[in-house]
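To start, the structure itself, in structure tokens.
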Amino acid sequence: MSKPNQAVKRKRHAMQIFEDIPKRGFGITATLSFLVMLAFWSLLSYGELVNPIFLPTPDKVLTSLFEQLGTSVYWHHIGISIFRVSAGFVLASIVAIPIGLLAGTYRYGEAFVEPPMEFIRYMPAVAFIPLIMVWAGIGEWAKILLIFIGCFFQLVLMVAADTRLVSKDLVQASFTLGASRWQAIQTVIIPAVQPRLLNTLRLMLGWAWTYLVVAELVAVNSGLGYAIMKAQRFLNTEQIFVGIIVIGLLGLISDRIFAFLNRRLYPWA
Amino acid sequence: MSKAIEVVEKMADNAQAAIKYDKGAASGGLGSISIQGIGKSFATGKTTFRALENIDLEIGANEFVTIVGPSGCGKSTLLRIVAGLEEASEGDVGVDGDLVVGPGADRGMVFQGYTLFPWLTVRQNIEYGPKLKGISILERRAISNRYLRITRLESFANRFPKQLSGGMKQRVAIARALANGPKVLLMDEPFGALDAQTKLEMQEALLDVWEKEKTTVLFITHDIDEAIFLSQRIVVMGAGPGRILKEYPVTLPAERTSEVREHPEFLKLRRELTALLKHKEE
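Right, here's the structure in full:
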């Protein structure tokens, strides 16, 4: 038996498959990733490797961002966009969650609901735009409806999948404690599904923002999508970047709110 | 909010002496189980698998009966049929003469896996059954206090299940089942996932609770020592198809302490059971 050689004893490699890393390490790496992006952008724009009409410099975009945020018009765009996303998303959630719960709880519900949903969800929401204009004109309802259609079918299927992940053992335990089927739904399935459901809503909200931009590219005169379209017409790439960044930030904020709610509402999970 | 709960808890404690939760009235009967001619077949593709064949078993009120057998002998399936969670292909199960047609509050169950409701605290888990029955909050508090005390969980009342060890989770599961005042308690290898030391502690804790509650217990295990230590009667099942091989009365002293494990009768029974199960597996 030879003793382990102290001289060649090395530290464990920092990259371990699936292993946790310190919080600080995560933060630093995440920051680094943004910096790399920024550096690449700077290289291309300040180095004039790309025509500035196509790719503005970071400082020009930043200046433009503050300029835009200094105007009430832009805040109006932000406000109306948030309204459309929220309205479409909330409506879709209100209708989709009960249907999804039903489809996830009962096999007959699944048989009735899921096959048609699977069919419809492959139809691109964008392709509905002409139809929506016929149905709802070009007013607010048209945009809300597009976001609704984009979210609803996916949401039903995802909620049903979440529901099916509820432990069958918990439901059976409730039966042996005297619960009726309805009580099992109320006191087991609905509480048990909530953390996953909130996570699903969080993912879906990201999609709602995507559909918003699509909705606002057609026949509107307000909203962030419209601001982007208008900037494009004048080849104002800075403002296009501003629009994209603002939408990204709004998405990030809503995402963080959901993540916070999940930790706050479901400490038991 | 928490102030209000505190006040209610105080009131409940005071009311406890006055109300004196009457277990006999809650369970409403004695708890004898009658299993008659139970058979169970599963369809597996084109063939059918015979899980249970012609099972007859009578269990008296307040009796502690354990079923032992190798894995695959259908002992869990039998228990689930008694619980009403599975349907028998033939035969009937009766509890105090009432035919079992589905799960119900008269047959409490403790599962092998952890089935506490993770969004409820220990106390809320224990109060789950009484709450479904519409028992008032005051009375519920009295009930949960009683079972927290019996299972020695008082200091964990406000914890969530994820903050508990495996042994403690099963303690809560037992308390939750008993707090519902069942006629019989069905236990499906409840200590199977626990480490050896915790398992012994839980066995003693279970007997301690059973002494106080005197409810009928039907206990499933594949651990021979556990069966002998706990029960008044042992039913041995064999596989292919699942059937009852033999029954043994356990004539150990009623007072079961850890010394019982050295008792000549204990060792003799263990030898016999080991031989029987070994012989059958060959």
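Line order of the protein sequences matches chains Z and W.
For reference, each letter of the first sequence is one residue, going 1 to 269 in full-length UniProt numbering.
For reference, each letter of the second sequence is one residue, going 1 to 282 in full-length UniProt numbering.
We put the CB at the ideal spot given by N, CA and C, even for glycine.
Model, not experiment: these values are computed from the prediction.
Cut-off 7 Å between Cβ atoms - residues of its own chain near residue i, not counting five sequence neighbours on either side
i, result
"residue 64/Z", "238, 239 and 242"
"residue 250/W", "228, 231, 232, 233, 234 and 269"
"residue 76/Z", "222"
"residue 93/Z", "155 and 201"
"residue 263/W", "252"
"residue 265/W", "251 and 252"
"residue 85/W", "103"
Proximal residues of chain W, C-beta to C-beta of residue i below 9 Å
i, result
"residue 265/Z", "Within 9 Å Cβ-Cβ: nothing; residue 265/Z doesn't reach chain W, min ~10 Å."
"residue 188/Z", "117"
C-beta contact flag for residue i and residue j at 8 Å
i, j, result
"residue 186/W", "residue 97/W", "no"
"residue 62/W", "residue 94/W", "no"
"residue 125/Z", "residue 114/Z", "no"
"residue 147/Z", "residue 85/Z", "yes"
"residue 198/Z", "residue 262/Z", "yes"
"residue 193/W", "residue 166/W", "yes"
"residue 239/W", "residue 70/W", "yes"
"residue 188/W", "residue 110/W", "yes"
"residue 88/W", "residue 126/W", "no"
"residue 268/Z", "residue 160/W", "yes"
"residue 153/Z", "residue 121/Z", "yes"
"residue 273/W", "residue 224/W", "yes"
"residue 111/Z", "residue 159/Z", "no"
"residue 205/Z", "residue 254/Z", "yes"
Contact list for residue i against chain Z, beta-carbon separation under 7 Å
i, result
"residue 115/W", "169, 170 and 173"
"residue 105/W", "177 and 178"
"residue 94/W", "Correct list: empty, because the minimum Cβ distance to chain Z is about 17 Å."
Coarse secondary structure for residue i, derived from DSSP in three states
i, result
"residue 73/Z", "helix"
"residue 249/W", "strand"
"residue 16/Z", "coil"
"residue 271/Z", "It is not possible to answer for residue 271/Z, since the shown part of chain Z is limited to 1 through 269."
"residue 257/W", "coil"
"residue 164/W", "coil"
"residue 51/W", "strand"
"residue 100/Z", "helix"
"residue 105/W", "coil"
"residue 42/W", "strand"
"residue 171/Z", "helix"
"residue 36/W", "strand"
"residue 109/Z", "helix"
"residue 144/Z", "helix"
"residue 53/Z", "coil"
"residue 91/W", "strand"
"residue 250/Z", "helix"
Interface partners of residue i on chain W, CB under 7 Å
i, result
"residue 191/Z", "119"
"residue 183/Z", "132"
"residue 268/Z", "118, 119, 160 and 162"
Within-8 Å CB hit, residue i to chain Z
i, result
"residue 168/W", "no"
"residue 147/W", "no"
"residue 111/W", "yes"
"residue 190/W", "no"
"residue 213/W", "no"
"residue 141/W", "no"
"residue 193/W", "no"
"residue 31/W", "no"
"residue 43/W", "no"
"residue 85/W", "yes"
"residue 23/W", "With a pLDDT of only 40 at residue 23/W, under 50, the local geometry of the prediction cannot be trusted, and the value read off the model is given with reservation. No - not a single Cβ of chain Z is within 8 Å of the one on residue 23/W."
Chain-ordered chain Z contacts of residue i [CB-CB under 8 Å]
i, result
"residue 296/W", "What is shown of chain W runs 1 to 282, which leaves residue 296/W out entirely."
"residue 108/W", "176 and 177"
"residue 129/W", "177 and 178"
Minimum Cβ-Cβ distance from residue i to chain W less than 8 Å
i, result
"residue 166/Z", "no"
"residue 218/Z", "no"
"residue 107/Z", "no"
Spatial neighbours of residue i in its chain, beta-carbon cut-off 6 Å, leaving aside the 5 residues before and after
i, result
"residue 284/Z", "Only positions 1 to 269 of chain Z appear in the structure, and residue 284/Z is not among them; the question remains open."
"residue 45/Z", "55 and 57"
"residue 48/W", "41"
"residue 184/Z", "171 and 174"
Cutoff 8 Å; reference residue i; Cβ partners in own chain excluding five residues on either side
i, result
"residue 33/W", "57, 58, 59, 82, 93, 94, 95, 184, 216 and 218"
"residue 99/W", "92 and 93"
"residue 161/Z", "104"
Minimum Cβ-Cβ distance from residue i to chain C less than 8 Å
i, result
"residue 37/W", "Looking for chain C here will not work: the only protein chains present are Z and W."
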